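Trainee: Have a look at this one before I ask anything.
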Amino acid sequence: MADILAAILILAGLFFYLAGSIGLLRLPDLYSRLHALTKADNLGLGLLVAGLAVHAQDLLTALKLVLIWLAVLAASAASSHLIAQHAHRQEAED
Amino acid sequence: MNSTSLLVFDVLLLVSILSLAWASLATRDARNSVILFMAFGLVLAVAWSRLMAPDVALAEAAIGSGLSGALLLAAVYRSRGQQPAAQQQSTGEHNTSAATVAARWAVTLLSAAVAGVLAWALLHASGSAPHDTLPLAIAANLDASGVSNPVTAVLLNFRAYDTLLELAVLLTAVLGIFALGPAAAGYRPAGPVFAGLTRWLVPLLILAAGYLLWAGAHAPGGAFQAGATLAAAGVVLRLAGRQHIGLPAGGTLRVLIAAGAGVFLTVGLVLFMTGRPFLGYPTAWAGTLILLIESAAMLAIAATLVLAFVGGRPQAAGTPAHTAGAKPVPGNPGKE
Amino acid sequence: MLTTQLLYGLAACFIVALGLRTALLHASLLHRVIAINVMGAGVFMLLIAVAYRGPGQQPDPLPHALVLTGIVVAVSATALALALARRLAAEHDDD
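First to last, the protein sequences are chains U, V and Y.
Note that the first sequence ends on residue 101 in my numbering; no numbers are left out.
Note that the second sequence ends on residue 687 in my numbering; no numbers are left out.
Note that the third sequence ends on residue 109 in my numbering; no numbers are left out.
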């Protein structure tokens with residue numbers, strides 16, 4: 008039972024990763040690509056972590072996985088902000 | 352686990368590793384090449400985990416992908432500041448004249464021959480049963496080594512001399528970097544988003560480094576992974592435009608970077624002078640000595656890797672943090 | 015176990031060839047440094063593939079220690095190479 012739930016969550020996470028990658032390839036400019044990638048990948052990672060946490064042996068492992076997700080969330084938000092700010096400044100200079 | 356599904360996983364993983372390696376080396380643009388190389392390193396870390404090498408996976412992700420990528424990206428952006436944008440693209444391989452085409456084919460055949468020799472050796476060796484005398488000896492002596500992680504036991508006890516020489520290699524590299532010139536001035540101070548990230552990321556990294564050092568005795572981890580995590584904290588501080596990136600000044604810094612090989616050598620010599628073989632730990636003291644050596648090594652490795660990222664002799668305290676001409680990392684345009 | 019070893023080992027040989035070719039041929043110094051790192055990764059993969067003993071058993075720890083040492087040495091060599099490249103570029107600009 009827990010395994011089926013874990014599998015569903017992980018597959019849902021992979022779907023969001025796929026969506027983010029399609030957005031990376033298909034969207035026209037840097038900002039929309041960043042937006043799609045960051046949002047979709049964070050949600051995908053969250054679902055992946057949820058699936059692994061359901062599958063984990065004990066609560067401590069599950070909590071560590073959630074901590075990883077939170078750290079990635081903050082770091083990817085900050086880094087996508089920095090990339091967008093840099094691109095914006097490059098455009099302003101040209 | 353089902354062996355067919357594992358085989359499918361292996362094939363997919365190897366295809367992505369090979370594609371990333373090819374793409375990284377085939378791209379003309381230097382920055383793309385570095386980013387693909389970082390991705391290559393991360394997927395490689397997944398491969399190490401699959402091959403049941405978690406210590407190596409940790410080190411590959413932190414050092415092989417993260418720190419190497421940071422070093423290479425810093426070099427790309429430093430050279431971009433010195434060249435106009437028109438010359439950014441590498442000229443790739445040499446022009447196609449007849450002689451050069453022949454040379455390229457010769458090199459390709461040479462590389463294929465090297466790969467062929469390696470493959471032949473591999474196939475020849477896999478025909479016989481694996482030589483297990485050394486792994487069995489390691490497993491038999493693990494209890495007397497002072498730690499329970501076999502890789503740490505090999506690195507810090509059974510093959511401690513090799514690790515001493517490795518720390519000496521690190522020291523030599525940083526001395527070479529010092530000798531080649533002063534470090535560039537740092538980056539401009541970070542804006543609120545990056546500064547906020549730094550505020551909690553750096554303590555987390557320091558905590559993680561301490562944990563990796565301690566856990567290295569009984570779980571995957573150890574001095575190298577801990578040193579790399581600590582170096583990542585230093586790199587983040589440097590990118591955020593801070594003046595103080597965790598490195599002490601002047602003489603203390605020199606003592607710190609020499610401490611890795613130095614403490615190791617001192618322990619070995621003290622043991623030698625008390626009648627034991629060089630680096631032959633007494634069984635009761637082995638765990639403590641290993642922890643001592645690993646702590647000094649972690650600090651030395653972290654300092655060395657941060658200095659490698661800084662790229663030269665550190666400036667004296669009091670010099671301005673703003674760059675003269677090189678393109679800095681994104682920060683706030685001036686309002687902080 | 016044997017198929018896994020051979021699979022990863024042969025892929026490793028290919029990666030070594032890839033890195034070697036680019037290291038010898040490419041014009042840009044940065045690409046050559048990356049190529050040497052890729053070659054190193056191929057060698058590491060060969061060592062770890064040979065150390066693998068199958069899903070149930072502990073792998074051989076000695077090649078793992080060698081690869082760990084190799085990763086650290088590779089990054090310090092890369093750092094020195096990049097510092098040399100930077101100094102070369104600075105000298106070239108002064109001429």
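Cβ coordinates follow ideal geometry from the N, Cα and C atoms, glycine included.
Small disclaimer: the values here were computed from a predicted structure and weren't measured.
Can you list the residues of chain Y that residue 479/V reaches, using a CB-CB cut of under 9 angstroms?
Mentor: Here the premise fails: no neighbours, minimum Cβ distance about 11 angstroms.
Trainee: At a CB distance below 8 angstroms, what residues from the stretch 540-558 of chain V approach chain U? Give them in sequence order.
Mentor: Within the stretch 540-558 of chain V, the residues whose Cβ lies closer than 8 angstroms to any Cβ of chain U are, in chain order, 542, 544, 545, 547, 548, 551, 552 and 555.
Trainee: May I ask which residues mark the beginning and end of the alpha helix (DSSP H) holding residue 8/Y?
Mentor: Residue 8/Y is absent from the model: chain Y starts at 15 and stops at 109.
Trainee: Taking C-alpha atoms, which residue in 661/V, 635/V and 568/V lies nearest to residue 593/V?
Mentor: Closest option to residue 593/V, Cα to Cα, is 661/V.
Trainee: What separation, rounded to the nearest whole angstrom, lies between the Cα atoms of residue 33/Y and residue 467/V?
Mentor: 14 angstroms
Trainee: Can you list, in chain order, the stretches of the alpha helix (DSSP H) that have 4 or more residues and sit fully within the stretch 501-539 of chain V?
Mentor: 501-504 and 511-530
Trainee: Determine the chain Y residues that contact residue 486/V at a beta-carbon separation under 9 angstroms, and present them in chain order.
Mentor: 65, 67, 72, 73, 74, 75 and 76
Trainee: How big is the Cα-Cα spacing for residue 627/V and residue 84/Y?
Mentor: 29 angstroms
Trainee: In chain order, what residues of the same chain have a beta carbon less than 7 angstroms from the beta carbon of residue 374/V, not counting five sequence neighbours either side?
Mentor: 387
Trainee: Just to confirm my understanding: we take residue 566/V, look at its own chain, exclude 5 residues before and 5 after, and list those with CB closer than 6 angstroms. What are they?
Mentor: 572
Trainee: Along the chain, where does the alpha helix (DSSP H) that runs through residue 562/V open and close?
Mentor: 543-566
Trainee: How would you label residue 686/V, buried or exposed, when you count the other beta carbons within 10 angstroms and need 16 or more for buried?
Mentor: With a pLDDT of 36 at residue 686/V, under the threshold of 50, the modelled position of this residue cannot be trusted; read the value that follows with caution. Label assigned to residue 686/V: exposed.
Trainee: Closest by CA to residue 84/U, which one among 530/V, 652/V, 548/V and 419/V?
Mentor: Distances from the alpha-carbon of residue 84/U to those of 530/V, 652/V, 548/V and 419/V put 548/V closest.
Trainee: Return the chain-ordered list of same chain residues with a C-beta closer than 6 angstroms to the C-beta of residue 39/Y, the five sequence neighbours on each side being excluded.
Mentor: none
Trainee: Could you check which residue in 423/V, 540/V, 410/V and 529/V has the C-alpha nearest to that of residue 560/V?
Mentor: Of 423/V, 540/V, 410/V and 529/V, the residue nearest in Cα terms is 410/V.
Trainee: Thinking just about the alpha-carbon of each residue, which of 67/Y, 37/Y and 93/Y is nearest to the one in residue 20/Y?
Mentor: 67/Y
Trainee: In chain Y, which residues lie less than 8 angstroms from residue 384/V when you measure between Cβ atoms?
Mentor: 44, 45 and 48
Trainee: Should residue 514/V and residue 648/V be called a contact, given that it needs their Cβ atoms to be closer than 9 angstroms?
Mentor: yes
Trainee: In whole angstroms, give me the CA-to-CA distance for residue 115/Y and residue 54/Y.
Mentor: In the structure displayed, chain Y extends from 15 to 109; residue 115/Y sits before or after that span and is not available.
Trainee: Measure the alpha-carbon distance for residue 504/V versus residue 407/V and round it to whole angstroms.
Mentor: 14 angstroms
Trainee: Straight-line CA distance for residue 65/Y to residue 357/V?
Mentor: 18 angstroms
Trainee: Hey, residue 568/V and residue 498/V: beta-carbon distance below 9 angstroms or not?
Mentor: yes
Trainee: Between the stretch 526-536 of chain V and the stretch 89-104 of chain Y, do three or more beta carbon pairs fall short of 8 angstroms?
Mentor: With a cut-off of 8 angstroms, the stretch 89-104 of chain Y and the stretch 526-536 of chain V count as touching, because enough Cβ pairs lie within range.
Trainee: Just the Cα atoms here: how many angstroms apart are residue 35/Y and residue 91/Y?
Mentor: Taken atom to atom, the span from the alpha-carbon of residue 35/Y to that of residue 91/Y is near 19 angstroms.
Trainee: Measure from the alpha carbon of residue 655/V to the alpha carbon of each residue in 86/Y, 108/Y, 77/Y and 105/Y, then state which is nearest.
Mentor: 86/Y
Trainee: Which residues bound the alpha helix (DSSP H) around residue 75/U?
Mentor: 66-100
Trainee: When we look at the beta-carbon of residue 45/U and count the other beta-carbons within 10 Å, is it buried (16 or more) or exposed?
Mentor: buried
Trainee: The alpha helix (DSSP H) that contains residue 45/U, what's its start and end?
Mentor: 37-62
Trainee: Answer yes or no: the CB of residue 58/U versus the heavy atoms of the ligand SAH, is any distance below 8 angstroms?
Mentor: With respect to the ligand SAH, the structure shown offers nothing to examine, as it has no ligands at all.
Trainee: Within 10 angstroms of the Cβ of residue 29/U, are there 16 or more other Cβ atoms? Answer buried if so, exposed if not.
Mentor: exposed
Trainee: DSSP three-state call for residue 627/V: helix, strand or coil?
Mentor: Coil at residue 627/V, not helix or strand.
Trainee: Give me the Cα-Cα distance between residue 47/Y and residue 553/V, rounded to the nearest whole angstrom.
Mentor: 29 angstroms
Trainee: Would you say residue 455/V reaches chain Y, if we count a Cβ-Cβ gap shorter than 9 angstroms as a contact?
Mentor: yes
Trainee: Which one of 418/V, 459/V and 401/V has the shortest CA to CA distance from residue 575/V?
Mentor: 418/V
Trainee: Quick one, which of 73/Y, 61/Y and 18/Y has its alpha-carbon nearest residue 403/V's?
Mentor: The shortest Cα separation from residue 403/V among 73/Y, 61/Y and 18/Y belongs to 73/Y.
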